[in-house]
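Asker: This is the structure I want to talk about, given as structure tokens.
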Amino acid sequence: LVDFDPPDLESGTEACVRQSGHELRFCDKCGMYQPLRVKHCRDCGWCVRTHDHHCPWVGTCVGEYNRVFFFWFLVFQSLELLWFLMEGASALFERTQSLGDDIGDGLSDAGNAMLC
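In the numbering used here, the protein residues as written are 3 to 118.
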């Protein structure tokens, strides 16, 4: 519910737009009054409701309408990171095991040669 107080030409007061009793700010870049909890994003050039931040990886602002999608983006990115860490640790473990076997074979051959 938006209230509009027209300007008083006799006293020189400007027009005042209110929402729930709070005076609304005017966004010079968008040319409109910003409802409550709206911020202008300097990266996107838009006014975003409940603006959290501008995400360079998603390429848009995180706000009221895409917060759930951003949450799932973070979940899947975390799962992907965990997957790559496990794959890397597994490959490193297998490599050290095979390297250890090669060294062990070489030591046993050297030990046999010394006994002869």
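Glycine included, every Cβ here is placed at the ideal spot set by N, Cα and C. Predicted model only: the values in this text are computed from it and were never measured.
#1: Name the residue from A93, V60 and V19 whose alpha carbon lies nearest to the alpha carbon of P37.
#2: What does the alpha-carbon distance come out to for the pair F95 and E89?
#3: What did DSSP end up calling T98 once you bin it into helix, strand or coil?
#4: Report the CB separation of R44 from T52 in whole angstroms; it is logged as a contact under 8 Å.
#5: Please name the residue in G23, V50 and Q99 whose C-alpha comes closest to that of C32.
#6: Classify G47 as buried or exposed, calling it buried when 16 or more other Cβ atoms lie within 10 Å of its own Cβ.
#7: Taking just the CA atoms, how far does T62 sit from R69?
#8: Going by C-alpha to C-alpha distance, which of H55, V77 and F78 sits closest to Y67?
Answerer: To lay it out plainly:
#1: For the set A93, V60 and V19, the Cα lying nearest the Cα of P37 is the one of V19.
#2: Counting only the Cα atoms, E89 lies some 10 Å from F95.
#3: Helix at T98.
#4: Their Cβ separation, rounded to whole angstroms, is 17 Å, which puts R44 and T52 out of contact at 8 Å.
#5: Closest by alpha carbon: V50.
#6: Result: exposed.
#7: The alpha-carbon atoms of R69 and T62 are separated by roughly 11 Å.
#8: Each of H55, V77 and F78 was checked against the Cα of Y67, and the nearest Cα belongs to H55.
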